[in-house]
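Notes to accompany the following structure.
Number of protein chains: 2
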Amino acid sequence: MEKTVAFDDLSLAMVAKDFLQHHVADNVEALNDLEPDEAAAVLTHLPQERAVEILDQPELDAVPEIVEALPADVGVRLLSGMAADRAADLFRRLSDPVRSELLGRLDTETRGSIEQLLAYPPNTAGSLMTTEFVSVPSSWTVRQTLDYIRVVERTRETIYAIFVLDPRTRRLLQSIPLRRLISAEPDAPILSAARPYPPITVTALTDRGEVARLFRKYDLLAVAVVDNVGHMLGIVTVDDAIDAMLEESTEEVQKFGGMEAIDEPYFDIRFGQMIRKRAGWLCVLFLSEMLTASAMQHFEVELEKAIVLTLFIPLIMSSGGNSGSQATSLLIRSLALRQLELWDWWRVALRELPTGIVLGGILGVIGVFRVALWQQLGLYDYGHYWVLVALTVGMTLVGIVTFGSLVGSMLPFVLQRFGFDPASASAPFVATLVDVTGLVIYFSVAVVILTGTLL
Amino acid sequence: MEKTVAFDDLSLAMVAKDFLQHHVADNVEALNDLEPDEAAAVLTHLPQERAVEILDQPELDAVPEIVEALPADVGVRLLSGMAADRAADLFRRLSDPVRSELLGRLDTETRGSIEQLLAYPPNTAGSLMTTEFVSVPSSWTVRQTLDYIRVVERTRETIYAIFVLDPRTRRLLQSIPLRRLISAEPDAPILSAARPYPPITVTALTDRGEVARLFRKYDLLAVAVVDNVGHMLGIVTVDDAIDAMLEESTEEVQKFGGMEAIDEPYFDIRFGQMIRKRAGWLCVLFLSEMLTASAMQHFEVELEKAIVLTLFIPLIMSSGGNSGSQATSLLIRSLALRQLELWDWWRVALRELPTGIVLGGILGVIGVFRVALWQQLGLYDYGHYWVLVALTVGMTLVGIVTFGSLVGSMLPFVLQRFGFDPASASAPFVATLVDVTGLVIYFSVAVVILTGTLL
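Note that the protein sequences, when read in sequence, are chains C and G. Residues in the first sequence are numbered consecutively from 1171, following the working numbering. Residues in the second sequence are numbered consecutively from 1171, following the working numbering.
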């Protein structure tokens, strides 16, 4: 979109009219191309309902800046109309004094539910949920419920799941999909449309990964968040679960890449933040990798006698790291998707052992062949004992690839066992672990094979 | 679950009764713990509707084996009841002669729609879609539509999106969410409930990643798949979009880990398949990494003169690889989520350059400090010129981390530009690229700093 010089009232009215002809998600894209104060001006000219709907979209960038640029009374009006979960998200990102001022001007009920949502830790069902759901007492009929839904439709985030409460205790009894309701007998009691098993629920502290897993498993459109006596606190809807799933997988890839997770788009990350998120792990890995220098110092006698061995150090180390990162990528997904449980570790180890031996064998044969070829073609002279050198490289590859596969597959289990995210088993982390031991394996094999000849 | 010895008819009837008291997703979990022939026996004893619902769940393992174990007439009956998309998925995994036999015994209409779905390439909207959707002519009223939905509810995968067709051309005019319909005026024409912009549609060949992106952006529950003149071929529902999203992110992590993608759970992968999926990339990387041996042979004179330099080779190479894999993990997610476009590459490069220099500077300082510390504490003697050695290591780290960040961030763009999946920019691939150049940088810096002293 061309950068507009300034908006007068006429052009704002035209933009607003055009906005109503498009999907709210497209409005969001258009606003993302504007400066926050311009976006605020457009929002002010839109019907309140649409402006609220736009602010409710998680894809809208710079929401805090836009809200700060709104006239205070408009801001309060729009915030009161927003879904409670989105408003809470917004308040999380606002800073004082605007934050306190806006919160203070909201009506007591809205402020209460927003403050309650703000109290839940991030990445829990509580932080994802909204308080706008449809609930009816179990004494109602199907027809009463449908009539009620028609009335409250506009003010609820979803009406595709209806939550039936005990009229006396107000505890959740059932969750009924709208589709069962509209094909049910109108005069039958609402519970006649329910399924014969209890509803799927989560607590406010359920991890968002687990929430996402339940949506996948049960093909839900919304899940009830309940407290420990079964009172409903809110619901998580499928669109918020999808966003959570996506953030999870973004974080997983980034952690696996060896950095702290960053949710924002690339260009929204400030330079200092970028350095912090990346430098931490990089330094930890660097310090660990220093052990390779110590390992090599330990073998300095062998190194000086057989410099030819140094030529293959990068090749051998990287092969160990690569086989490790393969095994890790396979296992962190299987653990995240709950295809594997913690106690499956020994079955995985029994599987990775022969896998590693075969893969290492393949690379070992290629390695031996490479040394022999260069020697025979006269490309490089590995010395009188080149056969033994080739054998050392080949045997080491079998050992290190097997070791890499084992370490790479077991590390996610170890991390999970001690309460860490298995995805923290980053490719660089595995490579570092394997590098140090790899050197030890290499020189140990060399000592066995080459003592009396080169060493 | 304990392994059951054998099922007699009585216990089967009890299991079947128990199944009806639980959610279908829990039935699936229970069946996954049985042998295929036992699972088939349970399915035979369940009411057809529930058995079909179970077979419709993508989480059910070993479906082909279960179907093969069913009596042929039961198999045909259940298959006819299944959602067309799930039935097509099943046929993709069945093998002859069962496949041809079952397909031949289906009625013409069912067979036709399954064969049509089978024709779409994997990972496209066509392969995800189902043909069971609700469509009505635009000449109908809201009430007529609601009455119709009540009748067909059971036979449609979703009723939460209603597709309105031109009665003459049968082209798609609008997609109306059920929630708008039930709060609409009953006697008004159906289109009065529509929004003032055209429906979101995809073609049968739209990539599943793009389908998932549209679900996220527009918070859809179903999207219409249309041909090039606007006739509806089917719909993709949100639960299938979620499964597709998940497979995408699994493949992304696995590719980034340096292997071919595998969708099946870990223990369902046969040994030979596991070796094939992992050996390919491992060999390619190994062959590329052989260039490190060649690079080192090139510098053999320097190596022999200054063995002390070899001590830092693993440390330096891994730092380059780590910074590269960080940058790659950041960029492949941004590209996948469309936060970045292809032409943003130079802005990213301009950002990664200073980032790399700062990160490299941090590691460089630590590296220099490490050498100085060991020397001063007498832990290791790096020789007379240890200050110059430390300087070489420090300068190299700045160079290689900067280079790693640039290569790691640009590779996803290059791959996308040439039509490959940016996620193929695996951590090991980036590390390999950086390793070879890293050695060249190291020895070049060494030649500049150490010539006349050590070299």
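Virtual Cβ for every residue (Gly too), placed ideally from N, Cα, C.
Of the listed residues the options, nearest to residue i (C-alpha basis)
{"i": "methionine 1444 of chain C", "options": "C/Ala1431, C/Leu1547, C/Glu1327, C/Thr1407", "result": "C/Ala1431"}
{"i": "isoleucine 1332 of chain C", "options": "C/Ser1305, C/Arg1320, C/Val1198", "result": "C/Ser1305"}
{"i": "glycine 1494 of chain G", "options": "G/Trp1451, G/Ala1463, G/Gln1467, G/Ile1570", "result": "G/Ile1570"}
{"i": "aspartate 1336 of chain C", "options": "C/Ser1308, C/Arg1383, C/Thr1325", "result": "C/Ser1308"}
{"i": "valine 1406 of chain G", "options": "G/Ala1465, G/Ser1270, G/Thr1376, G/Leu1501", "result": "G/Thr1376"}
{"i": "glutamine 1344 of chain G", "options": "G/Val1395, G/Glu1302, G/Val1618", "result": "G/Val1395"}
{"i": "valine 1222 of chain C", "options": "C/Leu1348, C/Arg1324, C/His1401", "result": "C/Arg1324"}
{"i": "tryptophan 1216 of chain C", "options": "C/Asp1591, C/Val1198, C/Pro1228, C/Asp1203", "result": "Rather than tryptophan, the amino acid found at residue 1216 of chain C in this sequence is leucine. Per the Cα distances, C/Val1198."}
{"i": "alanine 1449 of chain C", "options": "C/Glu1434, C/Asp1514, C/Met1429", "result": "C/Met1429"}
{"i": "leucine 1288 of chain G", "options": "G/Asp1259, G/Thr1311, G/Glu1434", "result": "G/Asp1259"}
{"i": "valine 1563 of chain C", "options": "C/Ser1579, C/Leu1603, C/Gly1490, C/Leu1507", "result": "C/Gly1490"}
{"i": "valine 1322 of chain G", "options": "C/Asn1202, C/Val1559, C/Ala1354, C/Cys1453", "result": "C/Ala1354"}
{"i": "tyrosine 1612 of chain C", "options": "C/Leu1581, C/Thr1462, C/Pro1582", "result": "C/Thr1462"}
{"i": "leucine 1533 of chain C", "options": "C/Glu1229, C/Leu1485, C/Leu1384", "result": "C/Leu1485"}
{"i": "leucine 1452 of chain C", "options": "G/Val1557, G/Asp1389, G/Glu1418, G/Thr1572", "result": "G/Thr1572"}
{"i": "isoleucine 1360 of chain C", "options": "C/Leu1391, C/Asp1255, C/Ile1319", "result": "C/Ile1319"}
{"i": "serine 1614 of chain G", "options": "G/Ala1382, G/Ala1465, G/Ser1181", "result": "G/Ala1465"}
{"i": "valine 1423 of chain G", "options": "G/Thr1294, G/Gln1218, G/Asp1591, G/Asp1203", "result": "G/Asp1591"}
{"i": "alanine 1392 of chain C", "options": "G/Lys1387, G/Ser1270, G/Asp1409", "result": "G/Asp1409"}
{"i": "leucine 1416 of chain G", "options": "C/Asn1398, C/Arg1386, C/Val1399, C/Gly1296", "result": "C/Arg1386"}
{"i": "glutamate 1434 of chain G", "options": "C/Arg1503, C/Asp1179, C/Tyr1550, C/Asp1277", "result": "C/Arg1503"}
Under 9 Å between C-beta atoms of residue i and residue j
{"i": "leucine 1479 of chain C", "j": "alanine 1616 of chain C", "result": "yes"}
{"i": "alanine 1209 of chain G", "j": "alanine 1253 of chain G", "result": "no"}
{"i": "valine 1185 of chain C", "j": "isoleucine 1224 of chain C", "result": "no"}
{"i": "aspartate 1231 of chain G", "j": "aspartate 1438 of chain G", "result": "yes"}
{"i": "threonine 1525 of chain G", "j": "phenylalanine 1441 of chain C", "result": "yes"}
{"i": "glutamate 1470 of chain C", "j": "leucine 1624 of chain G", "result": "no"}
{"i": "valine 1246 of chain G", "j": "leucine 1272 of chain G", "result": "yes"}
{"i": "leucine 1529 of chain G", "j": "serine 1575 of chain G", "result": "yes"}
{"i": "proline 1347 of chain G", "j": "tyrosine 1330 of chain G", "result": "yes"}
{"i": "leucine 1298 of chain G", "j": "alanine 1183 of chain G", "result": "no"}
{"i": "tyrosine 1436 of chain C", "j": "glutamine 1509 of chain G", "result": "yes"}
{"i": "leucine 1264 of chain C", "j": "valine 1244 of chain C", "result": "no"}
{"i": "glutamate 1522 of chain G", "j": "glycine 1578 of chain G", "result": "yes"}
{"i": "leucine 1501 of chain G", "j": "alanine 1595 of chain G", "result": "yes"}
{"i": "alanine 1382 of chain C", "j": "glutamate 1327 of chain C", "result": "no"}
{"i": "tryptophan 1515 of chain C", "j": "phenylalanine 1583 of chain C", "result": "yes"}
{"i": "glycine 1296 of chain G", "j": "alanine 1374 of chain G", "result": "yes"}
{"i": "aspartate 1357 of chain C", "j": "valine 1312 of chain C", "result": "yes"}
Bridge partners - residue i, DSSP secondary structure assignment
{"i": "glutamine 1344 of chain G", "result": "G/Val1334"}
{"i": "threonine 1371 of chain G", "result": "G/Ala1394"}
{"i": "proline 1592 of chain C", "result": "Bridge partners of proline 1592 of chain C: none, in fact."}
{"i": "proline 1524 of chain C", "result": "Note: proline 1524 of chain C sits in no beta bridge, so no partner."}
{"i": "proline 1359 of chain G", "result": "G/Thr1311"}
Bounding residues of the beta strand (DSSP E) (the contiguous stretch that carries residue i)
{"i": "leucine 1403 of chain G", "result": "1402 to 1407"}
Span of the alpha helix (DSSP H), counted from its first residue to its last, around residue i
{"i": "histidine 1396 of chain G", "result": "Sequence inspection shows valine at residue 1396 of chain G; the histidine mentioned does not correspond to that position. It is not in any alpha helix (DSSP H) - valine 1396 of chain G instead sits in the beta strand (DSSP E) that spans 1392 to 1396."}
{"i": "aspartate 1388 of chain G", "result": "The question names aspartate, but residue 1388 of chain G in the sequence shown is tyrosine. Segment 1378 to 1388, the alpha helix (DSSP H) holding tyrosine 1388 of chain G."}
{"i": "proline 1217 of chain C", "result": "Per DSSP, proline 1217 of chain C belongs to no alpha helix (DSSP H) and is neither H nor E."}
{"i": "aspartate 1514 of chain C", "result": "No alpha helix (DSSP H) contains aspartate 1514 of chain C, which DSSP labels as neither H nor E."}
{"i": "tyrosine 1612 of chain G", "result": "1597 to 1620"}
{"i": "alanine 1354 of chain C", "result": "Alanine 1354 of chain C -> no alpha helix (DSSP H), and no H or E assigned at all."}
{"i": "histidine 1468 of chain C", "result": "1441 to 1468"}
{"i": "arginine 1508 of chain C", "result": "Per DSSP, arginine 1508 of chain C belongs to no alpha helix (DSSP H) and is neither H nor E."}
{"i": "alanine 1586 of chain C", "result": "Note on residue identity: the sequence assigns glutamine, not alanine, to residue 1586 of chain C. Note, glutamine 1586 of chain C: alpha helix (DSSP H), 1556 to 1587."}
{"i": "isoleucine 1477 of chain C", "result": "From DSSP, isoleucine 1477 of chain C is part of no alpha helix (DSSP H); its letter is neither H nor E."}
{"i": "valine 1185 of chain G", "result": "1179 to 1190"}
{"i": "alanine 1195 of chain G", "result": "1194 to 1202"}
{"i": "glutamate 1434 of chain C", "result": "Premise fails: glutamate 1434 of chain C is in no alpha helix (DSSP H) and is neither H nor E."}
{"i": "arginine 1237 of chain C", "result": "Before going further, note that residue 1237 of chain C is valine rather than arginine in the sequence given. 1233 to 1239 is the span of the alpha helix (DSSP H), which, as asked, contains valine 1237 of chain C."}
Mind pulling the alpha helix (DSSP H) runs of 4 or more residues that sit fully within the region 1304 to 1332 of chain C?
1312 to 1322
What residue ranges within the region 1249 to 1300 of chain G form continuous alpha helix (DSSP H) runs of no fewer than 4 residues, ordered along the chain?
1254 to 1263, 1268 to 1275, 1278 to 1288, 1295 to 1298
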